[in-house]
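Numbering (our numbering), first residue to last: 2 to 255.
Structure, rendered in structure tokens:
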């Protein structure tokens, strides 16, 4: 019922959310560029944020986490998805099929294939938190066993437990007075302060987690770094085709 309520409110919430403005944002694509490190942060930005990390939470989380674990030990990959108002409705009603959820799950698959020794952290802010929920729904138990931590900020689905992951490995940051955490598209000042008030405890939570469960997987294919990069970029391209409804037409072309 709460999901339906969110969708109903958002369609009439022009006073609360300006769907015509795309804010600034930053980008990090370490995994697409085949940069494998001890820890990999997969992050989904909030509604109408630019780049693939956004600005409010992604960049400060990247900076603080790199300071905590060492820059050379952290790979950061923003999840590509539209992050528009329409997606906020879909992410609330059906997070499993949200574009960012699909792309995030594809990225987890790629990370575990090409960077088999990395500890994966999944995170998202606002609409991006919906993508984190949906991403976990799409993963196999074997993949989930390699998730070190899941951390969300301003999470519209804060009342919904994360699928498959041990609750001890998950953390939701919701400020008092943030109505988005009550699944309402009412954007008040508390929704914009996570990048300052929640980053330090979030990094502490992530780094305090024990190593993920060791899972035996087949050895990675013996391919060159260039080929790995080509494969990962192909995965990203396919995800964009799917989100644009072009995958079928591309496959059926000459």
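All residues carry an ideal CB built from backbone N, CA and C; glycine is no exception.
Values in this document were obtained by computation on a predicted structure and should not be read as measured data.
- Task: Determine the direct distance from the alpha carbon of residue 165 to that of residue 56, and round the result to whole angstroms.
- Result: 29 Å
- Would residue 184 be called buried (16 or more neighbouring beta carbons within 10 Å of its own) or exposed? buried
- Tell me residue 45's beta-bridge partners as DSSP assigns them. 125
- Coil, strand or helix - residue 76 by DSSP: strand
- Message: Here's a check: name, in chain order, each residue in its chain whose Cβ is nearer than 7 Å to the Cβ of residue 145, leaving out the five neighbours to either side.
- Response: Same-chain partners within the cutoff: 137, 165, 166.
- Item | Alpha-carbon spacing of residue 1 relative to residue 139, whole angstroms | A question about residue 1 goes unanswered here, because the residues of the chain that appear run from 2 up to 255.
- Can you name, in chain order, every residue of its own chain whose Cβ lies under 6 Å from the Cβ of residue 20, other than the five neighbours on each side? 86
- When you compare each of 49, 156, 133, 25 to residue 150 by their alpha carbons, which one comes out closest? 133
- Message: Among the candidates 93, 64, 210, 98, whose CA atom is the shortest distance from the CA of residue 186?
- Response: 93
- Message: What ranges does the alpha helix (DSSP H) occupy inside the stretch 166–221, keeping only unbroken runs of at least 4 residues that lie completely in it?
- Response: 195–198, 200–209
- Message: Which residue marks the beginning of the alpha helix (DSSP H) containing residue 110, and which one marks its end?
- Response: 100–115
- Task: May I ask you to check if the CB of residue 165 is nearer than 8 Å to at least one heavy atom of the ligand FMN?
- Result: Only the bare structure without any ligand can be found here, which leaves the ligand FMN out of the picture.
- Distance, residue 39 Cα to residue 77 Cα: 11 Å
- Query: Looking only at DSSP bridge pairs, what is residue 50 linked to?
  - Reply: 24
- Item | Alpha-carbon to alpha-carbon, residue 28 and residue 70 | 20 Å
- Item | Cβ-Cβ distance between residue 152 and residue 203 below 9 Å | Going by beta carbons, residue 152 and residue 203 fall inside the 9 Å limit.
- Message: What residue range does the alpha helix (DSSP H) around residue 149 cover?
- Response: Premise fails: residue 149 lies in the beta strand (DSSP E), 148–154, not in any alpha helix (DSSP H).
- Determine the closest residue to residue 188 out of 116, 91, 49, with distance taken between C-alpha atoms. 49
- Message: Could you give the first and the last residue of the continuous alpha helix (DSSP H) run that contains residue 68?
- Response: 59–70
- Return the residue from the list 208, 36, 42 that minimises the CA-CA distance to residue 121. 42
- From residue 216 to residue 37, what distance separates their C-alpha atoms? Confidence at residue 216 is low in this model, with a pLDDT of 37, below 50, so its placement is unreliable and the value that follows should be read with caution. Roughly 18 Å separates the two Cα atoms.
- Message: So, with DSSP's three-state summary, where would you put residue 84?
- Response: coil
- Query: Is it the case that the Cβ atoms of residue 44 and residue 124 are separated by a distance below 9 Å?
  - Reply: yes
- Task: Answer with buried or exposed for residue 159, where buried requires no fewer than 16 other C-beta atoms within 10 angstroms of its C-beta.
- Result: buried
- Query: If you run the structure through DSSP and keep just helix, strand and coil, what is residue 89?
  - Reply: Residue 89 falls in the helix class under three-state DSSP.
- Query: Smallest Cα separation from residue 168: which of 182, 210, 116, 195?
  - Reply: 210
- Item | Inter-residue Cα distance where the pair is residue 192 and residue 114 | 36 Å
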